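In what follows, a structure is listed as structure tokens, so that the remarks can point back to it.
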Amino acid sequence: MKEAKDIDDSLEFLRSFEKHANNTELGELVIQKLDHRNKSLNLQGNRFTESDFKKLFSIESLKYLKSISLSETGMTSKSIKHLCNSKWMEHIETLSLCNNNLDDEGIFLLSKTTHLPQLTSLDLSSNEIGALGAKVLSLSKSLNKVDNLNLSYNRIEPIGVHALINSNFGRQLKGLILRDTCLDNKGMEEFSKSCL
């Protein structure tokens with residue numbers, strides 16, 4: 001009987017996306033990139049306009065997802081506001097925004113969103129985030145379940161690392177990836193002291 005319920009759940013999941021996709025090119029792409037077993041959507045490498053992001057985050061069926069990859073989609077600090085304001089993102093646990101054009105302003109918006117209460121894993125690698133972005137992320141009260149963070153290939157520098165590791169947000173992290181983040185010896189010393 002469990003298998004029948006799984007099939008019913010999968011059909012409801014797919015029907016919901018088909019209903020809300022509205023037969024648009026974006027909607028068809030979303031349906032094509034869905035993984036209903038893992039409740040995930042991988043849109044990596046598909047370039048979107050701000051208008052596309054607005055339409056994407058208004059799709060009600062996103063509420064069924066646990067994971068979404070928007071890597072290499074052209075997301076900017078202007079377009080991330082649609083993600084941050086989407087009430088359909090409340091079950092997302094894993095979010096990948098790597099290889100985009102997000103800067104400190106976009107990270108500020110992300111750090112303030114209340115629409116990602118289940119988020120545990122956040123990949124922000126290869127963006128344009130500086131020390132200020134790391135600082136505002138470290139002050140986030142709403143991303144309080146994030147325990148894995150990737151900030152590799154950003155310019156967060158020692159001051160950004162210091163802000164992260166000395167914050168409640170930083171102390172909740174179980175995994176922090178900081179490859180090529182403009183850390184000098186001082187930044188590495190600061191980081192290693194906090195890990196002891």
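Numbering (the UniProt record's numbering), first residue to last: 1 to 196.
For each residue, glycine too, the CB sits at the ideal point set by N, CA and C.
Please read these numbers as outputs of a predicted model, since none were measured by experiment.
Less than 9 Å between the beta carbons of residue i and residue j, yes or no?
i: Leu137; j: Leu176; result: no
i: Phe169; j: Ser125; result: no
i: Cys129; j: Ile107; result: In the sequence on display, residue 129 carries Ile and not Cys. Cβ atoms of Ile129 and Ile107: closer than 9 Å.
i: Leu109; j: Val146; result: no
i: Ser96; j: Gln44; result: yes
i: Leu56; j: Leu102; result: no
i: Leu164; j: Asn148; result: no
i: Glu90; j: Lys54; result: no
i: Ser40; j: Ser61; result: no
i: Ser142; j: Thr120; result: no
Can you tell me whether residue i is buried or exposed, with buried defined as 16 or more other CB within 10 angstroms of its CB?
i: Ser111; result: buried
i: Ser71; result: buried
i: Thr73; result: buried
i: Asn144; result: exposed
i: Ser51; result: exposed
i: Asp104; result: buried
i: Lys87; result: exposed
i: Lys78; result: exposed
i: Asn99; result: buried
i: Asn38; result: exposed
i: Thr181; result: buried
i: Ala4; result: Its pLDDT being 47, under 50, Ala4 is placed unreliably in this model, and the coordinates cannot settle the point.
i: Asn154; result: buried
i: Asn127; result: buried
Terminal residues of the continuous alpha helix (DSSP H) containing residue i?
i: Ile31; result: Glu25 to Lys33
i: Phe53; result: Glu50 to Leu56
Following the continuous beta strand (DSSP E) through residue i, name the residue where it begins and the one where it ends.
i: Ser69; result: Ser67 to Ser69
i: Leu41; result: Ser40 to Asn42
Residue ranges of each beta strand (DSSP E) within the segment 158-183, 3 or longer | 175-177
Which runs of the beta strand (DSSP E) fall wholly inside the segment 84-158 and span at least 3 residues, in chain order?
-> 94-96, 121-123 and 148-150
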